[in-house]
Every structure is written in structure tokens, then in C-alpha cells.
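Just so we're aligned, residue 1 is where the sequence shown starts under UniProt numbering, counting upward by one. Note that the Cβ used here is the ideal one computed from N, Cα and C, for glycine as well. Just so it is clear, the structure is predicted and the values come from calculations on it, not from any experiment. Below: one structure, written as C-alpha cells.
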Amino acid sequence: MPKRALSSTVASGTKRKHVTLSIKDKVNLIKKLESGTAVAKLCEEYGLGKSTIYDIKKQKKELFEFFADSDTPMAMGERKIIRHAKNDDHDRVMIEWVRQRRSEGVPLSGPLLMEQAKIFHRSMNLTTDYSYTTGWLTKFKKRHGIRQLKICGDRASANAEAAEDFVNEFVSLVETKKLSQEQIYNVDETGLFWRYVPRSTLATADKKDATGVKDSKERITILGCGNAAGSHKTKLFVIRKSAKPRAFKNVKVFPVIYQSNKRAWMTQHLMNEWFENHFVPEACRHLSGNGFPADAKILLILDNCTAHLSPEILVKDNVSVLFFPPNCISLIQPMDMGILRALKCQYKSEFLKEMLSFLNGGETLQNFLQCGV
Numbered sequence: 001m002p003k004r005a006l007s008s009t010v011a012s013g014t015k016r017k018h019v020t021l022s023i024k025d026k027v028n029l030i031k032k033l034e035s036g037t038a039v040a041k042l043c044e045e046y047g048l049g050k051s052t053i054y055d056i057k058k059q060k061k062e063l064f065e066f067f068a069d070s071d072t073p074m075a076m077g078e079r080k081i082i083r084h085a086k087n088d089d090h091d092r093v094m095i096e097w098v099r100q101r102r103s104e105g106v107p108l109s110g111p112l113l114m115e116q117a118k119i120f121h122r123s124m125n126l127t128t129d130y131s132y133t134t135g136w137l138t139k140f141k142k143r144h145g146i147r148q149l150k151i152c153g154d155r156a157s158a159n160a161e162a163a164e165d166f167v168n169e170f171v172s173l174v175e176t177k178k179l180s181q182e183q184i185y186n187v188d189e190t191g192l193f194w195r196y197v198p199r200s201t202l203a204t205a206d207k208k209d210a211t212g213v214k215d216s217k218e219r220i221t222i223l224g225c226g227n228a229a230g231s232h233k234t235k236l237f238v239i240r241k242s243a244k245p246r247a248f249k250n251v252k253v254f255p256v257i258y259q260s261n262k263r264a265w266m267t268q269h270l271m272n273e274w275f276e277n278h279f280v281p282e283a284c285r286h287l288s289g290n291g292f293p294a295d296a297k298i299l300l301i302l303d304n305c306t307a308h309l310s311p312e313i314l315v316k317d318n319v320s321v322l323f324f325p326p327n328c329i330s331l332i333q334p335m336d337m338g339i340l341r342a343l344k345c346q347y348k349s350e351f352l353k354e355m356l357s358f359l360n361g362g363e364t365l366q367n368f369l370q371c372g373v
């Protein structure tokens, strides 16, 4: 019986060179395959066997999702293996925080990310021990295609100088307009996972329903505003995806101002509505109730986020607006000095108290989490 013919590579005494494609190359390969490119041609182009081509095709969903989730798809040209974080919930919260801070122009460094990771670890009540070291930082950056974080001395000093210049400008403005602390306000937004319960807690509190809990990490945006004297906090401005949650049925009076859009994000339209219809009337009433004249000046300080309108548009009667300079928010934004963080910690405490009361009353965790939907 004749022997089966040997492949050309074996017959010639050579082996096909082992090729490991990057994630970007794998995504491009799948796109070419789906556009009609012949498998044989792809084998020749990428130096792969047919079985490897089909193995890559089977990973389409995971590869496309991972590629799309990267902050810098170009980095996927170097990465070859998909590795997930040990705690996906924590990882998702971290990368969203990074994106938010970058959009605000806040300079980020490795130590800053490691410290924030520890803060989220505590606030999410994660029970597993984990050290957020430089090793964790390296893996986190590779997972999300984040380039090396560097802040050189010149840039750092430039931020400090810009902050100092702003403070001088602010002091001069306060003196010129003869403003008291009652008349100076700061506003900022923050995100809140309003019914987030860590998975470990779910499994402990209600094993039967733990796997059925959905959307427990739904995010809302909260806008907080108060004056420098600490005597006036305006109503919180809350933005959620749902326009008319079932939980709001028959509720006529709200302790907050509620709005909605598809992403639960602040927009220029919502910012303008908050400014004209809520902030200005509330601030004027507060000053009037404390003996200030009807034309008393009010100064609102905020960051220059793209969702915030320009100072030329945010003008109303005796109210003026002052923007923080870019890359200085973390240094001089009052609301970032623990105010909004304290708000979220207080909410989390009340949320857990309510949850325990619900569970101790014989209800399930699933039912509790559905109460606010």
C-alpha cells in the first residue's frame, strides 16, 4: 500500500514558522474572511494553516468586543492574548473612571491609578484581598491599551502654575465684586452605581437569587452644587436612562431634580436647564432669605467639560460663571476635595441599611433591587 504523500514543508525538511497574530491582526483577518477573501489566500498572507484560520474565526465575538473596548485600538497591534481582570466589575469601574478623568483633562499617573483602585476596592466592599501594585498597573494598562503614563516636571509645574494663576484671578474677582462666601458656588458631576451590590455579597445574602440579579451596576449622574459658606446646598440634579421609572408612579414630590437621557450623562441642554431653571432661582432665594439685596451678585465656578456651556451662554441677570483652567481640576476643585465622595459614601450606607431591613423582613434581594426600577 503506497504511503500518503508528505506535505511540501515536511518533504523539503522545513517547518512552517510559528506565527502568533496580534488581536488587531486577528480582527482584520476575520473581516477579510467575512468579506469573501479565500481561506487559501489568508493562509498565504498571514502564514497560518487552515485550522488556525477557523480557530480564530470561532473567537470572533470575544475578539471584536475586546478590541472595541480598548481605549487605543492601535495598542491592539501589539497585544496577542486576551486576558481578563480577576474582578471584571472593579476593572470596568476603573476604566470608566480613567475615561472620565481624561475627558476632564485631569493628568493621570501610575500611583494615582493605584490609589484610586484601592478606593474603589473599599467602596465596592470587595472581600477578596488584592494588592494594587505596579504589577497590577502594568496588566491594567495592557488590558485597555493605555500608553505609558508620564508626567514630566515641566508639565506638572505648568499645572501648578495654572492653578496658582487661577487662584490669583479668583481672589481679584472676589475683591472687585465684593463677594462673600455666601455668594460663591461650585458645581460638579459624579457617577453613582446606585444599586450596585458586589457579587460576593449577592452570593452571601441571597444565594437563590444571586445569579438572577441584572443591571445591578446601572449608573446615574449626579450634579452637586453648594456655596463656599456651606450654608446652601442646591437640590441634587439626577440623570438616569429611564424617563418614567415604575417606582415613581404616584410620586408627586421629589427631593431631587430628576432628568433622563439614553446614556444618563450630562449634556449641554440639561446643563442649561439646570442653570436657568434651578440654580439661579435657588441661589437668589437663598441670598434674599439671608438679607442680601435683590441684585446681589452670584459667582458659579465649574470645570470646562464639553457638556458645560461657555461663560458667554451661562449668563443670567446678576449671575456670572468662571471656568477652572484645564488640567487643574484635581488641585483646586472644591467638590473634588471629598464632598461628592462623602455624598456617595452616605448614599451607600443608607442603601445597605435599607437592603438589610428589606431582607430581614423576609423579602429577596432580587425584589429589593427591583424597587427603584
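Between the stretch 242–251 and the stretch 281–289 there are fewer than three C-beta pairs closer than 8 Å, too few to call the two in contact. With 16 or more other Cβ atoms from the protein chains shown falling within 10 Å of its own Cβ, ASP303 counts as buried.
By the neighbour-count definition (other C-beta atoms within 10 Å, threshold 16), ASN87 is a buried residue. LYS26 is positioned such that its CB atom lies no closer than 8 Å to that of ILE53. Under the 10 Å beta carbon count, ALA160 is surrounded by fewer than 16 other beta carbons and is classified as exposed. From the listed residues SER357, LEU300 and LYS32, the smallest Cα separation to VAL174 is found for LEU300. Put simply, the stretch 284–298 does not touch the stretch 133–141. Fewer than three CB pairs are less than 8 Å apart.
Between the C-alpha atoms of LYS50 and THR133 there is a straight-line separation of about 42 Å. Put simply, the stretch 227–240 touches the stretch 261–268. At least three CB pairs are less than 8 Å apart. Put simply, of LEU340, ALA38, LEU42 and LEU29 the residue whose alpha carbon is nearest the alpha carbon of PHE64 is LEU29. Closest in alpha carbon position to PHE324, among MET114, THR128 and ALA162, is ALA162.
Distance from the CA of ILE222 to the CA of TRP274, rounded to the nearest whole angstrom, comes to 12 Å. In the three-state reduction of the DSSP assignment, ASN227 falls in the strand class, which pools E and B.
Secondary-structure assignment with DSSP links GLY191 through a beta bridge to THR221. Between the alpha carbons of THR176 and ILE313 lies a gap of roughly 22 Å. For the pair PHE166 and CYS305, the CB atoms are not nearer than the 8 Å cut-off. GLU182 is positioned such that its CB atom lies no closer than 8 Å to that of ALA117. DSSP places VAL319 in the uninterrupted beta strand (DSSP E) bounded by 319–323. Sequence-distant partners of MET355 (beyond 5 residues in either direction) whose C-beta falls short of 6 Å from its own C-beta, in its chain, are PHE368.
In the DSSP assignment, PHE170 falls within the unbroken alpha helix (DSSP H) covering 153–177. The beta carbon of LEU340 sits closer than 7 Å to those of ASP188, THR190 and GLY224, all from its chain and outside the five residues before and after it, given in chain order. When C-alpha distances from GLU218 are compared across LYS252, PHE193, LYS235 and LEU359, the shortest belongs to PHE193. Rounded to the nearest whole angstrom, the CA to CA distance from VAL256 to PHE351 is 17 Å. The alpha-carbon of LEU42 is positioned some 21 Å away from that of GLU62.
Each residue's CA atom was taken as its position, placing GLY362 and THR128 some 28 Å apart. LEU322 is the residue among HIS286, LEU322 and ALA307 whose C-alpha sits nearest the C-alpha of GLU169. In the three-state reduction of the DSSP assignment, LYS244 falls in the coil class, being assigned neither a helical nor a strand state. Residue burial annotation: GLN333 is buried, with at least 16 other C-beta atoms found within 10 angstroms of its C-beta.
Here the alpha carbons of PHE358 and LYS316 stand approximately 46 Å from one another. Residue range 50–58 is occupied by the alpha helix (DSSP H) that includes SER51. Under the three-state reduction of DSSP output, PHE237 falls in the strand class. Burial state of LYS262 is exposed, judged by a 10 Å Cβ sphere holding fewer than 16 other Cβ atoms. Here DSSP, grouped into helix, strand and coil, assigns LYS249 to coil. As the crow flies, the alpha-carbon of ASN360 is around 17 Å from that of VAL197.
Annotation: the continuous beta strand (DSSP E) that includes LEU302 extends over 298–302.
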